[in-house]
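Okay, structure first, notes after.
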Amino acid sequence: MNIILFIISVVSINSRPPSSPEHGGRTGTAAYERVELNFDLKKASSFCELFPFKDVINVPQQTSSSVNARLIMMPASTQPGTFISTEGLEAITVSSAAISKSHKDPSISVKAPPSWGGGEDAYIAQIEVFHQIHCLNELRKEIYYDHYYKSGPPDELHRSHKAHCIHMLLQAVTCAADVGLISHNWVHNENIEEPKTRPMPDFNVVKMCRDFDSLLDWSRENGVKGLARKWRDLKYPGGVKIVPGDGYA
């Protein structure tokens, strides 16, 4: 029996994520693989540059299907602050090792100029959730097309951009493949046709969500400041492979 307990204890110790000082610092991909912070999330996530530095543990959160959620859909000028702005969250800089860890090729990735303050091994990147929020906002604006687009009917580039967003969001949803259960309640609603009392899905589901506020804080602290001006100054350096433009909207 003692031998069995000893074997179990050894297996348990070896299965824990290393966290002692001899495993190195808290920077770069080495820290990503070695520290305990967000250890479980890493096993079910793409490589993420912020995991070693910011705690984005799963927290219980109830989604809402209430009428107040409709405020998000209103034009920004009438309901300011009801949609998450991605301004200032468009870009961060990461190392070539981080690019490789993301299954991308640093040799064709755009380097950030040293003037951006990231050093010689800095590449331009974006945290994907902010692109997804951008795409949701683009679809929201379509509902109020005349409010946001006063230049006339949409052209081909406009439609292509929206199609790109729909495609990216569909892939994000099917990749996550949420398996939460939606129960049904008996609901009475005078605004629907008879019968006004009927079973309806209860979309107020409790989920385990990443701490989005922590993600926002980290991104605002580490995002590239003054990106619009810096982006205008980017010039093709020559000698870097140019890839086809299909899929870049």
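Residues in the sequence shown are numbered from 43 upward in steps of one, following my numbering. Just so it is clear, CB atoms sit at the ideal spot from N, CA and C, and this is done for glycine as well.
Proximity of residue i and residue j at Cβ, strictly below 8 Å
i	j	result
Cys251	Cys207	no
Gly222	Lys249	yes
Ser144	Asp163	no
Asn227	Asp244	yes
His230	Thr216	no
Thr135	Gly160	yes
Gln104	Val247	yes
Ile139	Gln174	Before going further, note that residue 139 is Ala rather than Ile in the sequence given. No, these two residues do not count as a Cβ contact at 8 Å.
Ile150	Tyr165	no
Residue span of the beta strand (DSSP E) that contains residue i, given as start and end
i	result
Ala167	165-167
Val171	Here Val171 belongs to no beta strand (DSSP E); instead the alpha helix (DSSP H) covers 170-185.
Contact belief for residue i with residue j at Cβ below 8 Å, rounded distance in angstroms
i	j	result
Leu269	Ala133	5 Å
Trp158	Val266	6 Å
Leu131	Arg262	7 Å
First through last residue of the alpha helix (DSSP H) which encompasses residue i
i	result
Val229	That residue, Val229, is in no alpha helix (DSSP H); its beta strand (DSSP E) goes 226-230.
Thr239	Looking at the DSSP string, Thr239 is not in any alpha helix (DSSP H); the run it does join, the beta strand (DSSP E), is 239-243.
Lys272	269-274
Three-state secondary structure assigned by DSSP to residue i
i	result
Phe93	Low confidence applies to Phe93: its pLDDT is 49, below 50, so where it sits in the model is not reliable, and the reading given next is rough at best. Here Phe93 sits in coil by DSSP.
Asp134	Residue identity check: residue 134 is Ile in the sequence provided, not Asp. Strand, per DSSP.
Pro286	coil
Pro102	strand
Ser261	helix
His145	coil
Tyr278	coil
Glu236	coil
Tyr191	coil
Asn44	The pLDDT assigned to Asn44 is 43, lower than 50, so where the model puts this residue is not dependable; a value taken from the coordinates is nonetheless given after this. Correct three-state label for Asn44: helix.
Glu198	helix
Asp253	coil
Gly66	The predicted model places Gly66 with a pLDDT of 31, which falls under 50 and marks its position as unreliable, so this point remains unresolved.
Paired residues, beta bridge with residue i - DSSP
i	result
Lys204	Beta-bridge pairing links Lys204 to no other residue.
Val221	DSSP lists no partner for Val221.
Lys153	Tyr165
Val215	The partner list for Val215 (beta bridge, DSSP) is empty, contrary to what the question assumes.
Val248	Gln104
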